[in-house]
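Taking it in order: structure first as structure tokens, then the write-up.
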Amino acid sequence: MQNKSIKCLLLVAGLITSGFLTSCSSKPQLSFFNYGDYIDSDVVSAFEDEYGVDVKETNFDTIEGMLAKMQSSDFDVIVSSDYGIEELTSDKKLIELDQTEFENYSADRLVSSLKSNLAALAEDKGTQPGFDLLKYAVPYTWGEVGLVYDTTNTALVNEIAEKGWAVLKNPSYKTAVYDASRDVFSIALAALGYDFTNPSEAQINEAEAWLKDMKTKNPGIAYKTLSLLDDLPNHKYDLCLNYSGDAAYAIMEENENDKKLGFTIPDAISGGQSRTNIYADCFGITSSCSNTDLAYKFIDFCCTKENGMANTEYTGYTSPLQDVYDEETSEDGYFYSAGDAYKVEADSLDHFYRYIPGLKGTLEDKWNNIKTSSN
Amino acid sequence: MAFHVNNIKKQKTNGKGFKANATLFSATPYFLLLMILVLLPFIFIILYAFMSKSASKIYLTLDNFSKFVTNGNFVAAAGKSLLFAFVTTVICLILAYPIAYFIGRSKAKVRSLLVTLITVPMWINMLLRILAWQQIFGMISSWTGITLLGTDFAIIFGMVYIFLPFMIIPLYTSIMKIDPAFYEASKDLGADSVETFFKVSLPLSMPGIISGITMVFLPAATSIIIPQELGDGNSKYILIGNLIESYFYKGDDYYFGSAIAVVLSLTLLLSIYLVNKLDRTNVKDRSFVKKYAKFGYEKALEGGNR
Amino acid sequence: MRSRKNLSTKNYSPSFMSKFYVVIILLFFYLPIFSVMVFSFNSAGSATRFESFSLKWYVTMMKNDELLNAVQVTVTIAILATLISTILGVLGSLGLAELNKKYKGWTNFILNINNLPVVNPDIVTAVSLMALFMSLSAVFSFGYTTMLLAHIAFCTPYVVIQVYPKVLALDPSEQEAAMDLGATRFQSIVKVVLPDLSPAIISGAMMAFTMSFDDFVISYFVGGKVSNISTYVYSMRRFKPEVNALSTLIFLFIGIILVFFEFYQFHKERNDDDDVKRTKSKKIVVSNC
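Chains as they are written, first to last, in the numbering used here: chain A, 132 to 506; chain B, 849 to 1154; chain C, 581 to 869.
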């Protein structure tokens, strides 16, 4: 009887494996490495149909995870945040884009405030060389870090206007903070008036103390990441440090009850060097890409107005294309009700993160220390 | 009858009967697998723990270990993890024993049905099962106002839920092997069920208990998903597994992460080794079992002759 | 000639409390699964408010190519890994038992290595395997093969843990009796030893399958482009109800297989007294030689 069942299992295994092998189609393949759930699958299917190709998508959940995976695997097209793109280019993992390959996309179509901040990024600043993001990447979504808050809570509204980021220290509000060391440190540094892109050791220590103070004064803070996308629409928190893209999603999806979510970015303190972090998630083509032609076509395809709108409505993150942006934020636009969460306006004091070797590790270390400390 | 007694005598001699035969050689793929895919990678990790990178230069150092051991917060997190794992293991042992006993002593049909029923839930993705509990807790809290998420209860509950099958399976395997003649004999000699449990069942199922403890305690101590999803973001529940993960995934410091993991592994291995020492009825040491076996055989044969 | 095995079933009549307890434990295990199943039919995307009955997530699931791909990967790797690790594990256990007769120290050493993947946090096993494959990157590029190798690497120890103790507890007189009666060593193993071990082999194989099917961390690190169900679920930004639909289907699929299996067993009039079966198989050995 054992022999029979073993034979049965082998047969089933054989069938399934042969099924798997035959499914490796003869169509050209494009491997696409992206955040989970970060592109409209209808857009991808439309691309596959139009060009007769197979797009194989792999997902990651954090940039660090993505960078780690890039060390051991090859992909054709990737999506990465700005500082991830910078790190990849310093490792020579991305090709320099030939702008003439694009029919739909061009840098002129970008939202103006985003464009000026990208120009500022490309400039050299003292000891820190600039980084021309647009040379290696095509912006896909963008936004800024800010506060999601309950607009019906007037005390909270006033306190945000008054104290800015320091409102996070108030234990009377149910608070959540997006658990990313980079983001918490930058707002701490901003609250202290420093430029967070390349902080000195002393500044980092000050920021560490600020954050420790936040944890001590407001011990009930929840440190979460993706699950906030489920919690915020349910009005679980009064106040949350988060990305504008997640805020827009939360506002669009929120449950109808007496609370109402809003998004705002506290002003920089007077004389301060930073306001908040601006980020741009971009497409890039890897240097190991086997089919660059197809890669350009894919990115270009996503940059048509129609597909741009489809993608932005799916992800909830602000589109970097001016025409899409204008349409979505117009009075009958899909994202009109999301307000400032979608309608991001970058400021000259908003900075992109830079790839600084060692900084990530230092910040992660200190953040772990802060989170695990007993008050 | 004489045949049996002769056999037991044979088993006492060590080393006899060993032949470098086909059985041994057929195990070579297994030995190769262990060397290349288990031992070698593990050596890598140990090496990583002693390395560090600064300005892209890799060098050997003890810094990782000192950094971990001198950090009160991290050590506290490790301690918390071990505590949670300990409580989980104890609860699993208590909950698992009755059902493992039931399964171990049931007929083969019932046994295979129950074992399958217990293993099938494990085929639903662990993250989904924990998320389901997260939602159930959320529902309970909106109906009754009792907050369950983000409490010690939730973490331990989640760990017990996930690891209970890992305790039941080795336990029932062990209990299954106990000759019921022992229970009969114990009863005949005047012991009640409590005494029988402590003097017969417990010692004879020790290998299963040890195996179960190994399979629950260690993974529970390094669990990532359970504290993350059931801890509701509370910083109290950042356990050692989450820390290790952050150093591998986010902090890009494989070396420090490896060091923490190595320290933890060694601590756990040491505790398991000590627990193993407590077990005198280790399967490897058969003299104890043989004494009972002989007794059991004779009892069984007596029973057969009646 | 009676065997010690499975005689535990003799004289056991469980009390009502025992049976009740078993039911409670089973309910405990299945409660979240029922919750997943119920909400897979929820027309709203939420998992806390049930709106109305709907099959739309099942439709969405069918259209989700990534998810279906991930399922294929998970299933094929689980089946292959289970088969290979079970074979390796059984052969390994038999070989170890042989080795144990003379070289106890070596056997213990090998068993300790065997337990490393069980003992280590899975993230450590994951990174260690990744480091190994990176250094062998000329031979292996991360993908299906590396994932499969990794799964075999961490499943085989579980098989050995289940099978090896059983091998040690075997009564060698049975195998000797078969050989005395004319069977070759190979025949005696296949017809006497393996059937004796079959419960342990099956439980080892089931453990291996389960560990492989549900694995996340190791698959994530060594899988490269290839994703399985777990890595797919973990990287979901927003909770996707079609995953509930998938889980429900997996669960029902397994349930149906098991019901068939149980009927098959029942039909074969499986005797719960296993020695009768073994006596039969020994008769076969004798009559064949």
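Yeah, the Cβ is synthetic: ideal placement off N, Cα and C, and Gly gets one too.
Remember, predicted model here, so these are calculated numbers, not experimental data.
Can you pull the DSSP bridge partners for residue i?
i	result
B:Met899	B:Leu908
A:Thr449	A:Trp273
A:Gln259	A:Lys256
C:Tyr683	Paired residues: none, contrary to the question.
A:Glu188	A:Phe163
A:Lys355	A:Tyr309
A:Leu241	A:Leu452
A:His482	A:Asn408
C:Asn622	C:Phe633
A:Ile209	A:Phe164 and A:Gly415
B:Leu976	Answer by DSSP bridge pairing: none, since B:Leu976 is not bridged.
A:Leu225	A:Thr417
B:Asn1160	Nothing about residue 1160 of chain B can be read from this structure; chain B reaches only from 849 to 1154.
In the DSSP assignment, find the beta strand (DSSP E) that holds residue i and state where it starts and stops.
i	result
A:Pro270	Val269 to Asp281
A:Gln453	Segment Gln453 to Thr460 is the alpha helix (DSSP H) holding A:Gln453; no beta strand (DSSP E) there.
A:Leu372	Leu370 to Tyr374
A:Ile416	Ile409 to Ile416
A:Lys158	Run containing A:Lys158: none; DSSP gives neither H nor E here.
A:Gly393	Leu392 to Thr395
Can you list, in chain order, the residues of its chain with a C-beta nearer than 6 angstroms to that of residue i? Leave out the 5 residues immediately preceding and following it.
i	result
A:Ala253	Gly261 and Asp263
C:Thr828	Met617 and Ser620
B:Asn862	Its pLDDT being 48, under 50, B:Asn862 is placed unreliably by the model, and the measurement read from it follows with that caveat. Counting only Cβ-Cβ distances below 6 angstroms, and skipping sequence neighbours, we find nothing.
B:Met1063	Phe1014
A:Asp326	Gln404 and Ser405
A:Lys164	Residue identity differs from the one stated: residue 164 of chain A is Phe in this sequence, not Lys. Excluding sequence neighbours, A:Phe164 sits near Thr189, Phe206 and Ile209.
A:Ser154	Note on A:Ser154: pLDDT 47, under 50, position unreliable in the model; the coordinate value appears next. Cβ neighbours of A:Ser154 beyond the five flanking positions: none.
A:Pro330	Leu320
B:Gly1060	Met1015, Pro1018 and Leu1019
Apart from the five residues on each side of it in sequence, which residues of its chain come closer than 7 angstroms, Cβ to Cβ, to residue i?
i	result
C:Ala658	Phe789, Ser792 and Phe793
A:Leu249	Leu264 and Leu265
A:Gly274	Tyr374, Ser375, Gly376, Tyr410, Tyr448, Thr449 and Val475
C:Ser799	Met727, Asn808, Ser810 and Thr811
If you follow the alpha helix (DSSP H) that residue i is in, where does it begin and where does it stop?
i	result
C:Asp645	Asp645 to Asn680
C:Ile741	Tyr724 to Leu748
A:Val288	Thr285 to Lys294
A:Thr589	This structure gives no information on residue 589 of chain A, because the portion of chain A shown stretches from 132 to 506.
B:Leu962	Ala956 to Thr967
B:Ala1029	Pro1028 to Asp1036
A:Cys433	Thr423 to Cys433
C:Gln767	Arg765 to Ser768
A:Tyr182	Ser172 to Tyr182
A:Thr347	Glu332 to Lys348
B:Trp971	Premise fails: B:Trp971 is in no alpha helix (DSSP H) and is neither H nor E.
B:Tyr1097	Ile1088 to Tyr1097
B:Phe950	Gly920 to Arg953
B:Tyr1009	Asp1000 to Met1024
Report, in whole angstroms, the separation of the C-beta atoms of residue i and residue j, which I expect to be a contact under 8 angstroms.
i	j	result
A:Val279	A:Asn373	5 angstroms
C:Ser783	B:Thr1021	7 angstroms
B:Asp1080	A:Gly492	No, B:Asp1080 and A:Gly492 are not in contact; Cβ-Cβ is about 28 angstroms, not under 8 angstroms.
B:Thr871	C:Glu756	Rounded, the Cβ-Cβ distance is 14 angstroms, inconsistent with contact.
Excluding sequence positions up to five away, which residues of its chain have a Cβ less than 8 angstroms from the Cβ of residue i?
i	result
B:Thr909	Phe898, Met899 and Ser900
A:His366	Asp281, Glu385, Asn386, Asn388, Lys390 and Leu392
### Query
Just by C-beta distance, which residues in the region 411-440 of chain A are closer than 8 angstroms to chain B?
Residues of the region 411-440 of chain A that bring their beta carbon within less than 8 angstroms of a beta carbon in chain B are absent altogether.
### Query
Using Cβ-Cβ distances below 8 angstroms, what residues of the region 290-312 of chain A are close to chain C?
Listed by position, the residues of the region 290-312 of chain A near chain C (Cβ gap below 8 angstroms) amount to none.
#### Entry: Where the region 973-995 of chain B meets chain C: residues whose CB sits under 7 angstroms from a CB there
Residues of the region 973-995 of chain B that bring their beta carbon within less than 7 angstroms of a beta carbon in chain C comprise Asn973, Met974, Leu975, Leu976, Arg977, Ala980, Trp981, Gln983, Ile984, Gly986 and Met987, in sequence order.
### Query
Given a limit of 8 angstroms on CB to CB distance, which residues of the region 706-720 of chain C reach chain A?
The region 706-720 of chain C vs chain A, Cβ under 8 angstroms: Met710, Phe713, Met714 and Ser717.
### Query
Taking any Cβ of chain A, which residues in the region 794-810 of chain C have a Cβ under 9 angstroms from it, in chain order?
Answer set for the region 794-810 of chain C: Tyr800, Phe801, Val802, Gly803, Gly804, Lys805, Val806 and Ser807.
### Within 7 angstroms of chain A by C-beta, residues of the region 1081-1104 of chain B in sequence order
So the close ones are Gly1081, Asn1082, Ser1083, Ile1086, Leu1091, Ser1094, Tyr1097, Lys1098, Gly1099, Asp1100 and Asp1101.
### Query
Can you list, in chain order, the residues of the region 781-792 of chain C whose Cβ is nearer than 9 angstroms to any Cβ on chain B?
Answer set for the region 781-792 of chain C: Ile782, Ser783, Met786, Met787, Phe789, Thr790 and Met791.
### Residues from the region 671-683 of chain C in contact with chain B, defined by Cβ distance under 9 angstroms
Within the region 671-683 of chain C, the qualifying residues are Leu671, Gly672, Ser673, Leu674, Gly675, Leu676, Ala677, Glu678, Leu679, Asn680, Lys681, Lys682 and Tyr683.
### Task
Can you give me, in chain order, the residues of the region 921-934 of chain B that have a beta carbon less than 8 angstroms from any beta carbon in chain A?
Hits within the stretch, in order: Asn921, Phe922, Ala924 and Ala925.
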